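Below: the structure, in structure tokens.
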Amino acid sequence: MVQIEATNRAGKITIEFAPSADFITCLIPALLSAVPAFLQSFMTCISGGGSGGNYNPGDRKRCN
Amino acid sequence: MQTNTAMLNEILDNNPHAVAAWFNDPHDPTDLTVITTDNSEASSLNLPLLARKMRLRRGQSTPINILRAYPTSGPALNQQQECQNEPIKLGTQIQPSGANWVGTAGAPVSFTDTHSNRCWGILSNWHVLADGDERLGRTAHQPDTARTAIANLTRWSSVSPTEENLVDCAVADSLTNGRHTIANEILEIGRPSYSILNATIGLNVKKCGRTTGLTFGHCIGTDAAISVGYEDFTARFTSQDVFAADSDTFSAPGDSGSLILGAGCNCPTALLFAGSDTLTIGNPMRLVAQAMSLIFPFN
Chain A
5 MVQIEATNRA GKITIEFAPS ADFITCLIPA LLSAVPAFLQ SFMTCISGGG
55 SGGNYNPGDR KRCN
Chain B
624 MQTNTAMLNE ILDNNPHAVA AWFNDPHDPT DLTVITTDNS EASSLNLPLL
674 ARKMRLRRGQ STPINILRAY PTSGPALNQQ QECQNEPIKL GTQIQPSGAN
724 WVGTAGAPVS FTDTHSNRCW GILSNWHVLA DGDERLGRTA HQPDTARTAI
774 ANLTRWSSVS PTEENLVDCA VADSLTNGRH TIANEILEIG RPSYSILNAT
824 IGLNVKKCGR TTGLTFGHCI GTDAAISVGY EDFTARFTSQ DVFAADSDTF
874 SAPGDSGSLI LGAGCNCPTA LLFAGSDTLT IGNPMRLVAQ AMSLIFPFN
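Quick mapping for you: the protein sequence lines, in order, are chains A and B. The opening residue of the first sequence carries number 5 in the numbering used here; numbering runs sequentially from there. The opening residue of the second sequence carries number 624 in the numbering used here; numbering runs sequentially from there.
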């Protein structure tokens with residue numbers, strides 16, 4: 005379980021959630037990247053990306 | 624005080640036969656290697672004042688050039704040159720549309736395109752995938768243009784004939800009709816690790832390339848300044864890794880684009896792009912990863 009605390013005019017709020025496997029998979033390498041690249045790396049990774057969506061290897065025959 | 628890189632550049636600038644220079648020990652600023660294409664005496668080198676007081680090691684090689692090949696038609700000479708069905712293992716021959724050369728599709732990588740979309744594709748060199756027609760979407764074919772395209776040029780870092788260069792690299796998106804054409808695997812090596820390993824002198828390495836296949840070598844220099852021959856110009860590179868073969872040869876024309884990995888861990892270390900009869904030159908993978916916005920892990 006991950007707990008995030010934030011404070012605004014209404015007072016302190018606490019959000020608790022169970023991270024998915026993707027969250028952890030994406031967070032660790034993102035944390036190791038340079039600080040300016042952190043957000044882009046993490047958000048791109050956690051969202052599963054854009055044009056490619058997810059890695060989806062093909063099995064098409066192309067040699068005969 | 625002159626920086627190490629500035630001193631190495633000055634050595635190459637002032638000695639027309641010098642093609643590579645590096646310090647042998649990052650903690651010992653008095654131990655210097657200079658590689659030349661002639662066999663003149665060390666005393667004949669035109670060195671900066673400070674370098675004249677250093678312990679100078681001389682080496683000799685042929686000129687250092689990019690390693691793409693110009694094949695004539697004929698049967699594949701090894702599995703790296705054969706057509707593959709999907710998913711295609713890398714370390715394999717590739718040819719961009721409109722080119723008369725081939726190189727190596729070096730490694731499976733995940734990266735972001737210029738619109739921050741995540742892609743999965745091929746890492747190779749700018750002079751393999753982009754040179755001559757730097758165009759988004761330019762197709763790359765395996766093993767050559769007689770077969771269907773397996774990737775589209777997405778990002779590249781052009782080589783300048785006038786400025787100092789750090790990388791010669793490009794990536795191509797392998798998404799074709801909703802499926803990725805490539806495997807997360809390199810021929811004869813398997814799956815690369817997600818951890819980059821910076822080269823250090825003595826590091827044992829391996830690579831799989833289009834011409835020489837799987838070969839083994841070791842690092843003999845880091846942070847080197849190199850003069851590299853392209854077809855129409857000579858380019859200066861700095862911060863480069865230098866490798867030598869364990870036996871026979873480590874690379875040959877056609878191996879450009881191969882991934883050089885730490886032999887013990889399959890850790891990406893450098894991107895092979897140039898060489899001579901005795902030396903192989905690679906862009907440090909940390910610089911390639913930065914230039915191409917590579918994302919780890921692959922999936």
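Glycine included, each C-beta is placed from N, C-alpha and C at the ideal position. Fair warning: this is a prediction, and the values are worked out from it, not measured in the lab.
Asked	Found
Within-8 Å CB hit, B:THR804 to chain A	yes
Where B:THR771 meets chain A, residues with beta-carbon distance less than 7 Å	ARG66
Minimum Cβ-Cβ distance from B:CYS792 to chain A less than 8 Å	no
Alpha-carbon spacing of B:THR660 relative to B:ILE849, whole angstroms	13 Å
Residues near B:GLY726 by beta carbon distance below 7 Å, same chain, minus five either side	ARG691, ILE717, SER747, ASN748, VAL751, ARG833, GLY877, SER879, GLY880
Contact list for B:PRO710 against chain A, beta-carbon separation under 8 Å	PRO61, GLY62, ASP63
Continuous beta strand (DSSP E) assignments of at least 3 residues falling wholly in the stretch 739–784 of chain B	741–747, 762–764, 772–780
Cβ neighbours of B:VAL794 in the same chain (closer than 7 Å, five flanking residues each side left out)	VAL732, PHE734, GLY744, ILE745, LEU746, THR777, ARG778, MET915
Delimiting residues of the alpha helix (DSSP H) encompassing B:GLU808	First-last for B:GLU808: 805–809, but that is the beta strand (DSSP E), not the alpha helix (DSSP H).
C-alpha gap between B:LYS676 and B:SER874, whole angstroms	35 Å
Reduced DSSP secondary structure (H/G/I, E/B, other) of B:ARG909	helix
Any beta strand (DSSP E) of 3 or more consecutive residues that is wholly inside the stretch 690–742 of chain B	711–713, 715–719, 726–728, 730–735
Outcome for B:THR785 when other beta-carbon atoms lying within 10 angstroms are tallied against a minimum of 16	exposed
Environment of B:PHE856 [buried if 16+ CB atoms lie within 10 Å]	exposed
Any chain A beta carbon closer than 8 Å to B:CYS888	no
Nearest neighbour of B:GLU633, chosen from B:LEU673, B:THR835, B:ASP900, B:ASN723 [CA to CA]	B:LEU673
Interface residues of the stretch 737–748 of chain B facing chain A [CB-CB below 9 Å]	HIS738, SER739, ASN740, ARG741, CYS742, TRP743, GLY744
C-alpha gap between B:ASP736 and B:PHE860, whole angstroms	25 Å
B:ALA848: first and last residue of the uninterrupted beta strand (DSSP E) it sits in	836–852
Enclosing alpha helix (DSSP H) for B:ASN627 [first to last residue]	627–637
Three-way DSSP call (helix, strand, coil) for B:ARG859 in this model	strand
Element boundaries [beta strand (DSSP E), containing B:PHE896]	890–898
Neighbourhood of B:ILE918 by C-beta, 7 Å cutoff - its chain only, sequence neighbours within 5 removed	SER733, PHE734, THR735, ARG741
Reduced DSSP secondary structure (H/G/I, E/B, other) of B:LEU673	helix
Min CB distance B:GLN707 to chain A below 8 Å	yes
Selected residue, minimal CA-CA separation from B:LEU826, among B:GLY801, B:PRO719, B:THR804, B:LEU884	B:LEU884
Among B:MET908, B:ILE904, B:SER899, B:ASN906, nearest to B:THR685 - alpha-carbon criterion	B:SER899
Coarse secondary structure for B:ALA914, derived from DSSP in three states	helix
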